[in-house]
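As they're listed, the protein sequences go chains A and B. The letter at position 70 of the first sequence is residue 69 when you use numbering that gives the first Met the number 0, and the numbering goes up by one with no holes. The letter at position 127 of the second sequence is residue 126 when you use numbering that gives the first Met the number 0, and the numbering goes up by one with no holes.
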Amino acid sequence: MPPISRRTAIKAFGATLGAAAFARALAPLSNYQEGMSAEEFIQNHYKELSDEDMLKVLKRLEAETLKEYGAEVSIKDVKPMDGVQFGYALNLSVCIGCRKCAEACHKENNHDRATNNSYIRVMEMKQGSMDLEHGRAIYEDAVPEPGKYYMPVQCQQCDNPPCVHVCPVEATWKEKDGIVVVDYNWCIGCRYCEAACPYHARRFNWARPEIPAEEVNPVQAYLANRIRPQGVVEKCHFCLHRTREGRLPACLEACPTGARVFGNLLDPNSEIRWVLANKRVFVLKEELGTHPRFFYYFDE
Amino acid sequence: MSDTQHAVSYPRFLLHSFIAATDGSRAFYAWMTFLTALMLVGANAWAHQVVEGMALTGMTDHVSWGLYIANFTFLVGLAAGAVMMVIPAYLYDDHEMHDVVIIGELLAVAALVMCLGFVLADLGRPDRFWHMIPGLGRLNWPISMLTWDMIVLNGYLLINAHIAGYLLYTRFLGKKPNPRWYLPFVFLSIAWAVSIHTVTAFLYSGLGGRPFWNTAILAPRFLASAFVSGPAFVIVTLQIIRKLSDFKFGNGPIMTLLKVMRVTVLLNLFLLAAELFTIFYTGGSHVAAAQYLFFGLHGKSGLVPWIWTAIALNTIAAVMLLAPRAKTHMTWLNVACVITFVGVWIEKGMGLIIPGFIPSTLHEIVEYSPSLVEWKIMVGLWALGLMIYTVLLKIAIPILTDQVKVDTK
Numbered sequence: 000m001p002p003i004s005r006r007t008a009i010k011a012f013g014a015t016l017g018a019a020a021f022a023r024a025l026a027p028l029s030n031y032q033e034g035m036s037a038e039e040f041i042q043n044h045y046k047e048l049s050d051e052d053m054l055k056v057l058k059r060l061e062a063e064t065l066k067e068y069g070a071e072v073s074i075k076d077v078k079p080m081d082g083v084q085f086g087y088a089l090n091l092s093v094c095i096g097c098r099k100c101a102e103a104c105h106k107e108n109n110h111d112r113a114t115n116n117s118y119i120r121v122m123e124m125k126q127g128s129m130d131l132e133h134g135r136a137i138y139e140d141a142v143p144e145p146g147k148y149y150m151p152v153q154c155q156q157c158d159n160p161p162c163v164h165v166c167p168v169e170a171t172w173k174e175k176d177g178i179v180v181v182d183y184n185w186c187i188g189c190r191y192c193e194a195a196c197p198y199h200a201r202r203f204n205w206a207r208p209e210i211p212a213e214e215v216n217p218v219q220a221y222l223a224n225r226i227r228p229q230g231v232v233e234k235c236h237f238c239l240h241r242t243r244e245g246r247l248p249a250c251l252e253a254c255p256t257g258a259r260v261f262g263n264l265l266d267p268n269s270e271i272r273w274v275l276a277n278k279r280v281f282v283l284k285e286e287l288g289t290h291p292r293f294f295y296y297f298d299e
Numbered sequence: 000m001s002d003t004q005h006a007v008s009y010p011r012f013l014l015h016s017f018i019a020a021t022d023g024s025r026a027f028y029a030w031m032t033f034l035t036a037l038m039l040v041g042a043n044a045w046a047h048q049v050v051e052g053m054a055l056t057g058m059t060d061h062v063s064w065g066l067y068i069a070n071f072t073f074l075v076g077l078a079a080g081a082v083m084m085v086i087p088a089y090l091y092d093d094h095e096m097h098d099v100v101i102i103g104e105l106l107a108v109a110a111l112v113m114c115l116g117f118v119l120a121d122l123g124r125p126d127r128f129w130h131m132i133p134g135l136g137r138l139n140w141p142i143s144m145l146t147w148d149m150i151v152l153n154g155y156l157l158i159n160a161h162i163a164g165y166l167l168y169t170r171f172l173g174k175k176p177n178p179r180w181y182l183p184f185v186f187l188s189i190a191w192a193v194s195i196h197t198v199t200a201f202l203y204s205g206l207g208g209r210p211f212w213n214t215a216i217l218a219p220r221f222l223a224s225a226f227v228s229g230p231a232f233v234i235v236t237l238q239i240i241r242k243l244s245d246f247k248f249g250n251g252p253i254m255t256l257l258k259v260m261r262v263t264v265l266l267n268l269f270l271l272a273a274e275l276f277t278i279f280y281t282g283g284s285h286v287a288a289a290q291y292l293f294f295g296l297h298g299k300s301g302l303v304p305w306i307w308t309a310i311a312l313n314t315i316a317a318v319m320l321l322a323p324r325a326k327t328h329m330t331w332l333n334v335a336c337v338i339t340f341v342g343v344w345i346e347k348g349m350g351l352i353i354p355g356f357i358p359s360t361l362h363e364i365v366e367y368s369p370s371l372v373e374w375k376i377m378v379g380l381w382a383l384g385l386m387i388y389t390v391l392l393k394i395a396i397p398i399l400t401d402q403v404k405v406d407t408k
């Protein structure tokens, strides 16, 4: 065997140095790994979890919330009810743009406090125009302002949802009661759904949400308001942890003017059915064929 | 040759490749060290982004794709553009091009690795990448265009790696390659090259809620610009190889690529003009994004200097490429190619992705500019791509010039 030349020795030294430098450059990743359990890493898609698996996952998530946020919470997996198709309607004649709905959504859904996130964006619109280009989402003056009307926009729970079509890993889908949900433990964070949504209804967790323990809403569900992991997309889920148990969405309860109507579209005696039958109703961006289950109407 | 002989000669081929890739002049070591340093910067920035979250980028819920996806889109074009050497070499039996076609195929390999790198850099949860692997995860195929893109990009990577690897190995053995083992793949790669950029265009043009992208000529526009930027990069590469290595060849391939560029550079500008006519002449709400891009909207004008730079560069490049001097003065041609490359990088990068998000779907105008972390990761990934390309060329050139053969040692 020939002796190792000086050149080879220098090369080997260089290669070792390079490898060490890369290990050092990537060192921050070890913090990331520490915060993640093996069970979380290999967890299956929501639809592939057995009842037993789900119980284990829920226990783990509760323990993680206690550890990371110091909050005692109860997380359930609330399933859709049979014979129910949820729909939402909003009376633009009475909405005053106070954004109590957005605030309630923020608290109910354990959103990040610093970004003041919410699933609802209230547009201040010019009277006489339905063109969103003549609206604005950020306004600080007293409401309602003369010459303006207000249009809260949240997930339209489309029957033909573009966000669901584009997701490469089926991390988001439409449930049988019409609610479009996200498996926060399956989403890879590509944000294609955010690009596809015509209603700006999806939000990405650009960083880990921060919430003081005493402000955490402890009533949580897997597909609903549990604190989302960093790096995944989330959205309005019609407060399914409430509505699937017969209660009303937090935004509706918070509305001071009664502009919001929520209910079962399959129930002929429901208020929402009365609105759809008796009011002039429209949906946003109807021309896109997304078939929203969120309806707007005027009184006159 | 029997299988047992391959069992001996293939490891030898790999060993020789490894030696060729790690041995070279001082300039070579300096170049590789420089690229490694840039990759280190990128790797460290990425590690921080993964741990602290994508809040470290300049992106928001309003502009949810940025510099990474802009580079990804451009690089798919670069990979597809390499086919402009394959078509003359194999379809038109251009012998001179045939001698150097592998330089294009290796470029496709390097560009595709960079594409996949940019996609990975853009993921909020790179640890869940396995959810996209068929069998292990849940691939939303055939509905999601992103799954199609994954399949065609990886497929194109495999096809090109196979063709280049097979041809180099047989050359190393001193044998004539068996057309059965590569010609079908060559013809497949031509169609496949078109498909990678078409599918990438469909990623955007299929979104009804984004009028700036929702146009049927997006795929043709992507292909036109790919067939400008790919040849531009290859022409400069060929000149560098000719100068720095023992691989000597005539002007033939460069002239063929110039002919291609003289058509595509104009076609690219024409398709852009056709798009702009529809947008601006029709007006209405669809004009807002283009208005923002070219002239600014409601006082916001972040992309205006970018796009006018791109338009100017592409126009200057067209004039320079069409000038008779382009055929005789190689420096003139190289400058034209660099100008083209930068022009397309802006136009099919930031100039295409960002206006898709501005104004947002609720017509809010939230601007975007990349953060330092994004620039670092971008530079790191480009350095990775250039390193892969350098290594592949270092392996290929001694074999193509018959300096390395199976029985030399």
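The C-beta atom is built at its ideal place from N, Cα and C for all residues, glycine as well.
Close to residue 119 of chain A, with beta-carbon spacing below 8 Å, lies no residue of chain B; the smallest spacing is near 12 Å. The residue among B:360, B:393 and B:30 with its C-alpha nearest the C-alpha of residue 132 of chain A is B:360. In this structure, DSSP gives residue 205 of chain A a state outside helix and strand, which the three-state scheme calls coil.
Listed in chain order, the non-local C-beta contacts of residue 247 of chain B below 7 Å within the same chain comprise 241, local neighbours out to five positions each way being set aside. Counting only runs of at least 3 residues, the segment 224–283 of chain A fully encloses the following beta strand (DSSP E) elements, listed from N- to C-terminal order: 232–234, 259–263 and 279–281. Distance from the CA of residue 47 of chain B to the CA of residue 345 of chain B, rounded to the nearest whole angstrom, comes to 27 Å. The C-beta separation of residue 123 of chain A from residue 149 of chain A comes to about 6 Å, placing the pair in contact by the 8 Å criterion.
Runs of the alpha helix (DSSP H) lying entirely within the segment 122–186 of chain B and spanning at least 4 residues, in chain order: 144–172. For the segment 173–198 of chain A, residues whose beta-carbon sits nearer than 8 Å to a beta-carbon of chain B comprise 185, 186, 187, 188, 189, 190, 191, 193, 194, 195, 196, 197 and 198. Only those residues of the segment 25–44 of chain A whose C-beta falls short of 8 Å from the nearest C-beta of chain B are listed: 25, 26, 27, 28, 30, 31, 35, 40 and 44. For residue 85 of chain A, the closest C-alpha among the options A:247, A:230, A:97 and A:183 is that of A:247. Runs of the beta strand (DSSP E) lying entirely within the segment 163–188 of chain A, each at least 3 residues long, are 171–173 and 179–181 in chain order. With respect to chain B, the C-beta atom of residue 203 of chain A has a partner C-beta closer than 7 Å. The segment 17–27 of chain B and the segment 177–195 of chain A do not touch, with fewer than 3 CB-CB distances between them shorter than 8 Å.
Taking the Cβ atoms as the reference, residue 45 of chain B lies roughly 6 Å from residue 120 of chain B, within the contact range of under 8 Å.
Bridge partners of residue 73 of chain A according to DSSP: A:218. In terms of Cβ geometry, residue 198 of chain B and residue 148 of chain B form a close pair [threshold 7 Å]. In this structure, residue 52 of chain B keeps its C-beta atom at 7 Å or more from the C-beta atom of residue 172 of chain A. In terms of Cα proximity to residue 6 of chain A, the closest of B:7, B:21 and B:294 is B:21.
Comparing C-alpha distances from residue 299 of chain A to each of A:92, A:228 and A:182 shows the shortest one belongs to A:92. Of all residues in the segment 160–174 of chain A, the ones placed with a Cβ closer than 7 Å to any Cβ belonging to chain B are 161, 164, 165, 166, 167, 168 and 169, in chain order. Pairing residue 201 of chain B with residue 144 of chain B gives a Cβ-Cβ distance under 7 Å. The beta carbon of residue 342 of chain B lies closer than 7 Å to those of 309, 312, 313 and 316 in the same chain, with the five residues before and after it left out. A direct Cα-Cα distance of roughly 9 Å separates residue 321 of chain B from residue 257 of chain B.
The straight-line gap separating the alpha-carbon atoms of residue 386 of chain B and residue 34 of chain B is approximately 7 Å. Burial is judged here by how many other beta carbons sit within 10 angstroms of a residue's own beta carbon; residue 212 of chain A has fewer than 16 and is exposed. Cβ atoms of residue 181 of chain B and residue 168 of chain B stay farther apart than 8 Å, at about 11 Å. With contacts defined as CB atoms closer than 7 Å, residue 177 of chain A and residue 59 of chain A fail to qualify as a contacting pair.
Think of a sphere of 7 Å around the beta carbon of residue 363 of chain B: the chain A residues whose beta carbon falls inside it are 136, in chain order.
Its chain contains 138 and 149 as the residues whose beta carbon lies nearer than 7 Å to that of residue 131 of chain B, once the 5 sequence neighbours on both sides are disregarded; these appear in chain order.
When DSSP states are grouped into helix, strand and coil, residue 296 of chain B belongs to the strand group. In the DSSP assignment, residue 271 of chain B falls within the unbroken alpha helix (DSSP H) covering 251–281. Closest in C-alpha terms to residue 47 of chain A, from the list B:102, B:118 and B:135, comes B:135.
Chain A places a beta carbon closer than 7 Å to that of residue 49 of chain B, counting this residue as a contact.
DSSP, read as helix, strand or coil, puts residue 248 of chain B in coil. With a cutoff of 7 Å on beta-carbon distance, residue 158 of chain B and residue 191 of chain B are scored as near each other.
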